[in-house]
Amino acid sequence: MCDFKKMFNFKNERNMKTETKRILEKAQAGDAEAQYLTGLYYEDKGNADEAFLWYDRSATQGFVYGINAVAIYYLKGMAVKHDTGKAIALLESIADKFPTAKANLGHIYLEGQGMSAGYRERYRVTRTGCGFR
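Last residue of the sequence shown: 133 (UniProt numbering), numbering continuous.
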C-alpha cells in the first residue's frame, strides 16, 4: 500500500484532505496523472473496483502508470475477470517506454503464464534441465 503522507509530503491532516480534494477535482476534469493517483488512493483504501475505474480512465489516455496498473488488475483478476492475454498485450504496448512493464512481462513469462501448452512444457523441461525448479 501507498503512504500518501510521505508521497505528497503532507504536513498535516488538513493539508492532506485539501491536496486529496485537489487531485480528485483534476481527475474528474480528465487529468490522466490525477486519475492514476486517484486510483492509488482508492486502492489504498481497499476499494479495488473504484481504483480500477480510475486506473482505466488514466490508461485510456495513454498514461503508462495507468496502463501498467490496469494490466496488473487483469493479471490478478482484481475488479475484472482474470485475463493474462489482455495483461500481456497492455504491458507489451508500454514495455519500451516503461521499464516496470518490461519487468512485469519478464515475471509473467518466468512463471510460464501466457504461453501455449506446448511451449510451456518445453520451457519447463528446459528450466529443469538447467537445474531450475
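Heads up, the beta-carbon is just placed ideally off N, CA and C, and yes, glycines get one too.
Predicted model only: the values in this text are computed from it and were never measured.
Cβ shell of residue i (< 7 Å), same chain only, five flanking positions each side left out
i: Glu33; result: Phe63
i: Phe98; result: Val64, Asn68
Limits of the unbroken alpha helix (DSSP H) element including residue i
i: Phe52; result: 48-60
i: His107; result: 99-110
i: Asp44; result: 32-44
i: Gly85; result: 84-94
i: Lys81; result: Here Lys81 belongs to no alpha helix (DSSP H), and DSSP marks it neither H nor E.
Cα-Cα separation, residue i to residue j
i: Ile23; j: Phe52; result: 17 Å
i: Glu92; j: Lys102; result: 7 Å
i: Ile94; j: Tyr36; result: 16 Å
i: Gly30; j: Lys21; result: 14 Å
i: Asn15; j: Glu25; result: 15 Å
i: Gly112; j: Glu13; result: 45 Å
i: Gly46; j: Ile72; result: 16 Å
i: Asp83; j: Leu40; result: 21 Å
i: Lys76; j: Gly106; result: 16 Å
i: Thr100; j: Met78; result: 19 Å
Option in the options with minimal Cα separation from residue i
i: Lys17; options: Gly30, Ala29, Thr38; result: Thr38
i: Leu110; options: Ser93, Ile88, Gln35; result: Ile88
i: Gly114; options: Lys86, Asp96, Tyr36, Lys26; result: Lys86
i: Asp56; options: Lys76, Gly46, Val80; result: Val80
Spatial neighbours of residue i in its chain, beta-carbon cut-off 6 Å, leaving aside the 5 residues before and after
i: Glu50; result: Tyr42
i: residue 139; result: In the structure displayed, the chain extends from 1 to 133; residue 139 sits before or after that span and is not available.
i: Gln61; result: Ala32
i: Ile108; result: Gly114
Environment of residue i [buried if 16+ CB atoms lie within 10 Å]
i: Asn104; result: buried
Any non-hydrogen atom of the ligand MN closer than 7 Å to residue i Cβ
i: Ile72; result: The ligand MN is not part of the structure shown, which contains no ligands of any sort.
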